[in-house]
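J.: Here it is, the structure in full.
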Amino acid sequence: MNKLITLALFALLFCSISESLSLKKSDKPGDFDFYLFVQQWIYSYCGSTSCIQNKIREAFTIHGLWPENQDGSYPSYCSGPSFNVKDVEDLEDQLNVDWISLTEANENFWSSEFSKHGTCAIESNSLVNGTHSYFQAGVDLYQKLNLTQALESENIYPSSKYISASKIVSAIQNQFGGKPGMQCEDSELSTIAMCISKDLSVIDCPDLEGWSCNGDVKWPSRD
C-alpha cells in the first residue's frame, strides 16, 4: 500500500513539473516566438461573470498581448520594470475604452497584464522595448484588427442564431490574412486571438491547445 501511495505521489509530482515546464519555457524577456493578441467579446464574458454594469457594451475589447511559443509554452513574470501608470498617461483615455477590466479597476488590470506578459515581451532593440511601447502596440493592433468590422464585412453579425465556427475563422482569415485562434464557452464565441510576429505583422496561428472551437457556435448579441 505504501509503495502504491509513493508511486501515485511521484506521478502527480511529475505531471505538475511537466505542466509547469510547458507553460514557462523561459523567463528571459524577449525569449519567445510570437505574440497572441487576445480580444474578448464582452457579452460572452459577462454571461458567466458578474461585470461592472457601466462597462458592458457590444464590443470586443483587448485582453492582452501575450508572448507565446510554437509548442504552446509561454514565458510569464519575467524580470523587468514594474508597471507605472505614469508611463502610459498619454494612452489612458484610449486604454479606458479599449483595454478594460470588466470586474475591477482598469489600472489594476493593466498592471497584472504587464507583470505577467509585458515584462516578457520587452526587447531592447525591438518595436516593444518598454512599458509604453507594449501598451502602444496593443492599442495599434486593436485599431488595425477590428474584429466586429471584419466579421460584419463577411455578413456575420451578433445574433442568437448559430453559425459554423469554421466560417468565423475563414472570415477573419479573409479580412486580415492570418488564421486566428478562438475560444468558446457553452457554444458561445468568447475570445479571438490573432497571432502577431515580433515585427507586429499578422501571421497564421499554429494549432495551439485550447484555441479552437468546433461545430456551430453563437456570437451573442445584446438582445
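Numbering (numbering that gives the first Met the number 0), first residue to last: 0 to 222.
The beta-carbon is built from N, C-alpha and C at its ideal position, and this holds for glycine as well.
What do you reckon, are the CB atoms on isoleucine 171 and isoleucine 162 nearer than 8 Å?
T.: Position 172 of the sequence shown, counted from the first residue, corresponds to residue 171. Position 163 of the sequence shown, counted from the first residue, corresponds to residue 162. No; because the gap between Cβ atoms is not below 8 Å, this pair is not in contact.
J.: Going by DSSP, what residues sit across from lysine 217 in a beta bridge?
T.: As a first step, residue 217 is located in the sequence shown; it is residue number 218 there, counting from the start. Partner residues in the beta bridge of lysine 217, as assigned by DSSP, are Tyr161 and Glu187.
J.: Using 8 Å as the Cβ pair cut-off and three pairs as the minimum, do the region 208 to 219 and the region 174 to 184 touch?
T.: With the cut-off at 8 Å, the region 208 to 219 and the region 174 to 184 touch.
J.: Which residue marks the beginning of the alpha helix (DSSP H) containing tyrosine 44, and which one marks its end?
T.: Counting from one through the sequence shown, the residue named residue 44 turns up at place 45. DSSP places tyrosine 44 in the uninterrupted alpha helix (DSSP H) bounded by 41 to 47.
J.: For proline 205, which option in Lys143, Glu57 and Ser72 has the closest C-alpha, if you only look at C-alpha atoms?
T.: Translated into positions along the sequence shown, residue 205 becomes position 206. When each option's Cα is compared against that of proline 205, the closest is Ser72.
J.: In whole angstroms, what separates the C-alpha of serine 158 from that of lysine 217?
T.: Sequence index remark: in the sequence shown, residue 158 carries index 159 (1-based). Sequence index remark: in the sequence shown, residue 217 carries index 218 (1-based). Roughly 7 Å separates the two Cα atoms.
J.: Consult DSSP for glutamate 91 and reduce its assignment to one of helix, strand or coil.
T.: Reading the sequence shown from its first residue, position 92 is the one you call residue 91. Reduced to three states, the DSSP call for glutamate 91 is helix.
J.: Considering Cα atoms alone, identify which of Pro28, Ser47, Phe36 and Asp26 is closest to serine 223.
T.: With the chain covering only 0 through 222, there is no way to say anything about residue 223.
J.: Pull the bridge partners of proline 66 from the DSSP assignment, please.
T.: Counted from its first residue, the sequence shown places residue 66 at position 67. Assignment of beta-bridge partners to proline 66 by DSSP yields Tyr34.
J.: Can you say whether glutamine 148 is buried or exposed, counting buried as having 16 or more other CB atoms within 10 angstroms of its CB?
T.: Along the sequence shown, read from residue 1 onward, the residue named residue 148 stands at position 149. So glutamine 148 counts as exposed.
J.: Can the beta-carbon of asparagine 83 be found less than 8 Å from the beta-carbon of threonine 130?
T.: By one-based count along the sequence shown, residue 83 stands at place 84. By one-based count along the sequence shown, residue 130 stands at place 131. Cβ atoms of asparagine 83 and threonine 130: closer than 8 Å.
J.: Quick one: what does DSSP say valine 201 is sitting in, helix, strand or coil?
T.: Numbered from its first residue, the sequence shown carries residue 201 at position 202. Reduced to three states, the DSSP call for valine 201 is strand.
J.: Using three-state DSSP, classify alanine 170 as helix, strand or coil.
T.: By 1-based counting over the sequence shown, the position of residue 170 is 171. Helix at alanine 170.
J.: Do glutamine 38 and histidine 62 have their CB atoms nearer than 8 Å?
T.: Taking the first residue of the sequence shown as position 1, residue 38 is located at position 39. Taking the first residue of the sequence shown as position 1, residue 62 is located at position 63. Yes, the Cβ-Cβ distance between glutamine 38 and histidine 62 is below 8 Å.
J.: Could you check what DSSP says for glycine 117 in three-state terms: helix, strand or coil?
T.: Numbered from 1 along the sequence shown, position 118 holds the residue referred to as residue 117. Helix at glycine 117.
J.: Alpha carbon to alpha carbon, what distance is there between glutamate 122 and serine 75?
T.: As a first step, residue 75 is located in the sequence shown; it is residue number 76 there, counting from the start. As a first step, residue 122 is located in the sequence shown; it is residue number 123 there, counting from the start. Cα to Cα, serine 75 sits roughly 14 Å from glutamate 122.
J.: Comparing alpha-carbon positions, which option in Arg221, Ser152, Asn128 and Tyr42 lies nearest aspartate 86?
T.: Against the sequence shown, residue 86 aligns to sequence position 87. The option with the nearest alpha carbon to aspartate 86 is Asn128.
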